[in-house]
Ligand code: CA
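In the numbering used here, the protein residues as written are 421 to 639.
Take a look at the structure:
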């Protein structure tokens, strides 16, 4: 799972970056609207946290441009306190949800989880496949009820595949959703993560679909 944080206040950005990383996300940051717009057009995010008061290009304009260009990722906007007209403008520009500043980080994380699972067509907050249960609320994974420790990269690979269970996910797509923008991507490392996940969680959990990618079975 990969998230873009577009916010010009450095302290708040750092706070969000840390909380999101601790919750298992790969996080990219943008400090102005131009950069946010550029990243949201070029990269595939599972969700975006977009401050509406951004320098260079305001958040509502960024969002309108993304939606006009057919970008469908879930977007949660950050609005100023008491700014009901900002909320309306954000939602009408294509935002999926909002939080008002100052906000509680736990609430923002819960709203993001809801947006991401809805975008993937999941209603249940936990994802189950056979004996394996993935719980995004604590970024935890169990097998037959026993906790299975995973590294951050292993968790992200598994979370993306499980959230899109039943679908074939190409290596390119998986790469987009696992690494941050400035990470040195080596296509071989995905195979290493998948190999480790199979050892930890059972060989049948992640199928290789020859020439196409990977698939986690529906149930
Ligand atoms: Ca701002």
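Here a beta-carbon is modelled for each residue, glycine too, at the ideal position from N, C-alpha and C.
Alpha carbon to alpha carbon, how far is residue j from residue i? Give it in angstroms, no decimals.
| i | j | result |
| --- | --- | --- |
| residue 431 | residue 572 | 24 Å |
| residue 569 | residue 486 | 37 Å |
| residue 590 | residue 501 | 42 Å |
| residue 439 | residue 529 | 8 Å |
| residue 564 | residue 553 | 8 Å |
| residue 442 | residue 436 | 10 Å |
| residue 458 | residue 566 | 42 Å |
| residue 444 | residue 425 | 14 Å |
| residue 636 | residue 503 | 43 Å |
| residue 541 | residue 581 | 13 Å |
| residue 627 | residue 634 | 6 Å |
| residue 594 | residue 482 | 25 Å |
| residue 522 | residue 448 | 21 Å |
Compute the minimum distance between the beta carbon of residue i and the heavy atoms of ligand 1, and state whether it is under 8 Å.
| i | result |
| --- | --- |
| residue 586 | no |
| residue 434 | no |
| residue 625 | no |
| residue 471 | yes |
| residue 428 | yes |
| residue 483 | no |
| residue 474 | yes |
Taking the alpha helix (DSSP H) that residue i belongs to, which residues open and close that run?
| i | result |
| --- | --- |
| residue 633 | Taken as a continuous stretch (DSSP letters only), residue 633 belongs to no alpha helix (DSSP H), being part of the beta strand (DSSP E) at 633-635. |
| residue 576 | 572-583 |
| residue 454 | 453-462 |
| residue 593 | 591-598 |
Starting from residue i, follow the beta strand (DSSP E) in both directions and report where the run begins and ends.
| i | result |
| --- | --- |
| residue 519 | 517-520 |
| residue 426 | 422-426 |
| residue 495 | 495-499 |
| residue 648 | One cannot answer for residue 648 here, as it falls past the ends of the chain, which runs 421 to 639. |
| residue 560 | 560-563 |
Bridge partners for residue i per DSSP, in chain order?
| i | result |
| --- | --- |
| residue 442 | DSSP lists no partner for residue 442. |
| residue 548 | 553 |
| residue 450 | 426 |
Next on the checklist: If contact is defined by three or more beta carbon pairs under 8 Å, each pair taking one atom from either stretch, is the segment 475-493 in contact with the segment 448-467?
Outcome noted: yes
Checklist entry - Does the segment 494-501 come close enough to the segment 510-517 that 3 or more CB-CB pairs lie under 8 Å? => result yes
Checklist entry - Is the segment 535-544 close to the segment 454-468, with three or more CB pairs under 8 Å? => result yes
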